[in-house]
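Chains as they are written, first to last, in UniProt numbering: chain A, 1 to 198; chain B, 1 to 198. Notes follow once the structure below has been shown.
Protein chains: 2
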Amino acid sequence: MSRTIEIPERSGTAFRLRKGEMLTVIDPRGEQVADLLAFNAGDVGEVISSGRTLDYAGRIYLTTGDKLYSNRSTVMLEIVEDTVGRHDFLLTPCSYDTFHHFYPRLEPHRGCFGNLAEALAPYGVIPDQIPIAFNCFMNVPVDGETGRLKVLPPISKAGDHISFRAAIDLIIGLTACSAPDSNGGSFKPIHYRIDSGK
Amino acid sequence: MSRTIEIPERSGTAFRLRKGEMLTVIDPRGEQVADLLAFNAGDVGEVISSGRTLDYAGRIYLTTGDKLYSNRSTVMLEIVEDTVGRHDFLLTPCSYDTFHHFYPRLEPHRGCFGNLAEALAPYGVIPDQIPIAFNCFMNVPVDGETGRLKVLPPISKAGDHISFRAAIDLIIGLTACSAPDSNGGSFKPIHYRIDSGK
Numbered sequence: 001m002s003r004t005i006e007i008p009e010r011s012g013t014a015f016r017l018r019k020g021e022m023l024t025v026i027d028p029r030g031e032q033v034a035d036l037l038a039f040n041a042g043d044v045g046e047v048i049s050s051g052r053t054l055d056y057a058g059r060i061y062l063t064t065g066d067k068l069y070s071n072r073s074t075v076m077l078e079i080v081e082d083t084v085g086r087h088d089f090l091l092t093p094c095s096y097d098t099f100h101h102f103y104p105r106l107e108p109h110r111g112c113f114g115n116l117a118e119a120l121a122p123y124g125v126i127p128d129q130i131p132i133a134f135n136c137f138m139n140v141p142v143d144g145e146t147g148r149l150k151v152l153p154p155i156s157k158a159g160d161h162i163s164f165r166a167a168i169d170l171i172i173g174l175t176a177c178s179a180p181d182s183n184g185g186s187f188k189p190i191h192y193r194i195d196s197g198k
Numbered sequence: 001m002s003r004t005i006e007i008p009e010r011s012g013t014a015f016r017l018r019k020g021e022m023l024t025v026i027d028p029r030g031e032q033v034a035d036l037l038a039f040n041a042g043d044v045g046e047v048i049s050s051g052r053t054l055d056y057a058g059r060i061y062l063t064t065g066d067k068l069y070s071n072r073s074t075v076m077l078e079i080v081e082d083t084v085g086r087h088d089f090l091l092t093p094c095s096y097d098t099f100h101h102f103y104p105r106l107e108p109h110r111g112c113f114g115n116l117a118e119a120l121a122p123y124g125v126i127p128d129q130i131p132i133a134f135n136c137f138m139n140v141p142v143d144g145e146t147g148r149l150k151v152l153p154p155i156s157k158a159g160d161h162i163s164f165r166a167a168i169d170l171i172i173g174l175t176a177c178s179a180p181d182s183n184g185g186s187f188k189p190i191h192y193r194i195d196s197g198k
């Protein structure tokens, strides 16, 4: 078993995940979101695509067995374990601008967008390339009649996790989300672990 | 009144839309989808963003009064008229790969993705920059409980339309959609018109 790494509250990181390796994202305290991005390690123009993935899945909520596709229709990740079953794949990472929009009375934060942009810059990713993230543990129910969506506290409990297997060599961006509404009003760390393929 | 331009079935085009101008997308025969993309005319790295727009709107179904935002949180377009009230903003334009996936027995088509890529190339847009489109008239109901989505025939009738006002100078990509399921099984043209701002 590999070691567990902590992403401190309201921050982000980026790292390589090799084909066949398994990434486990853990919510150590419960009710904490982690935004996840994936880029083709050999060509960061290829990136995780919500629109392509939801089209192929025929569902907006994804869980064990579902595959996450790139903008070029390549399978990037497969969800191989999921103790929560509720994640979001509709919304972009919060930025300075979205903070200003949603929390006009709070000091704006660069959000997961800013944290991802900084963490991914050394890999050649520019901010405009940051798309909709796979938002682990984010709880965004949609009303099928009106289309209205709500950002509610995650249903994840302490120790809950989701595991992905890499289908190709990837650069991963991963955060501990910074937006009050997404995390039940408090900011907590996220843990992750990389295990070699079986 | 400006002249109406036809986009032939299963094709696409691109054009400039200046700040203040109004773009009207018309379904001349009914049950025909048109994928719409918008790029900042001064910097095509700035592009229409489903994730940002849905976040700000708090809804997945958009109509009159809603604004379409860019990946940099800029308002690009405002919907100023809509005789249909059902459009999709979850799915990426169909490509050669998605055709192969969904219609393995049909001759693959490059789809709206290929049509948009060709039409937008002269403006400096590369294929990897093509995100989720605002799919005019596309009817994708979502089951709020299961998250399951369906691609149903559009509810648009002959002559129905949706009008957008440009908030900044834009490059627009627009198609007559090529996918059987999205268009009730047949392929029809799309009409559009540009009117100067009032």
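Ideal placement from N, C-alpha and C gives every residue a C-beta, glycine not left out. Predicted model, so just to flag it, every value in this text is computed and none were measured.
Simplified DSSP assignment, three categories, for residue i
| i | result |
| --- | --- |
| residue 38 of chain B | strand |
| residue 49 of chain B | coil |
| residue 100 of chain A | helix |
| residue 152 of chain A | strand |
| residue 159 of chain B | coil |
| residue 120 of chain B | helix |
| residue 43 of chain A | strand |
| residue 106 of chain B | coil |
| residue 54 of chain A | helix |
Selection from the options that minimises the alpha carbon distance to residue i
| i | options | result |
| --- | --- | --- |
| residue 27 of chain B | B:91, B:168, B:182 and B:157 | B:157 |
| residue 23 of chain A | A:186, A:171, A:185 and A:180 | A:171 |
| residue 189 of chain B | B:77, B:35 and B:195 | B:35 |
| residue 133 of chain A | A:151, A:196 and A:175 | A:175 |
| residue 16 of chain B | B:191, B:166 and B:31 | B:166 |
| residue 33 of chain A | A:64, A:56, A:69 and A:111 | A:111 |
| residue 95 of chain A | A:178, A:6, A:69 and A:4 | A:178 |
| residue 72 of chain A | B:71, B:52, B:164 and B:99 | B:99 |
| residue 43 of chain A | B:128, B:181 and B:12 | B:128 |
| residue 104 of chain B | B:2, B:6, B:180 and B:25 | B:180 |
| residue 164 of chain B | B:49, B:61, B:7 and B:66 | B:66 |
| residue 61 of chain A | B:149, B:12 and B:7 | B:149 |
| residue 160 of chain B | B:2, B:6, B:114 and B:30 | B:30 |
| residue 11 of chain A | A:125, A:162, A:126 and A:114 | A:114 |
| residue 125 of chain A | B:45, B:21 and B:7 | B:45 |
| residue 21 of chain B | B:6, B:2 and B:7 | B:2 |
Distance CB(residue i)-CB(residue j) smaller than 7 angstroms
| i | j | result |
| --- | --- | --- |
| residue 131 of chain B | residue 47 of chain B | yes |
| residue 139 of chain A | residue 154 of chain A | yes |
| residue 85 of chain B | residue 144 of chain A | no |
| residue 77 of chain A | residue 38 of chain A | yes |
| residue 41 of chain B | residue 120 of chain B | no |
| residue 147 of chain B | residue 59 of chain A | yes |
| residue 116 of chain B | residue 185 of chain B | no |
| residue 19 of chain B | residue 194 of chain B | no |
| residue 9 of chain B | residue 187 of chain B | yes |
| residue 63 of chain B | residue 88 of chain B | no |
| residue 4 of chain B | residue 191 of chain B | yes |
| residue 182 of chain B | residue 151 of chain B | yes |
Cross-strand partners of residue i (DSSP beta bridge)
| i | result |
| --- | --- |
| residue 135 of chain B | B:35 and B:88 |
| residue 143 of chain A | Answer is none; residue 143 of chain A lacks a bridge partner. |
| residue 78 of chain B | B:67 and B:165 |
| residue 246 of chain B | The first residue shown for chain B is 1 and the last is 198, placing residue 246 of chain B beyond what the model contains. |
| residue 191 of chain B | B:6 and B:26 |
| residue 59 of chain A | B:148 |
Proximity test, Cβ basis, 7 angstroms: residue i and chain C
| i | result |
| --- | --- |
| residue 48 of chain B | Here the protein chains are A and B, and chain C is not one of them. |
Expected contact under 8 angstroms - CB spacing of residue i and residue j to nearest Å
| i | j | result |
| --- | --- | --- |
| residue 56 of chain B | residue 101 of chain A | 6 angstroms |
| residue 92 of chain B | residue 69 of chain B | Between residue 69 of chain B and residue 92 of chain B the Cβ distance is about 17 angstroms, and since that is not below 8 angstroms, they are no contact. |
| residue 50 of chain B | residue 51 of chain A | 7 angstroms |
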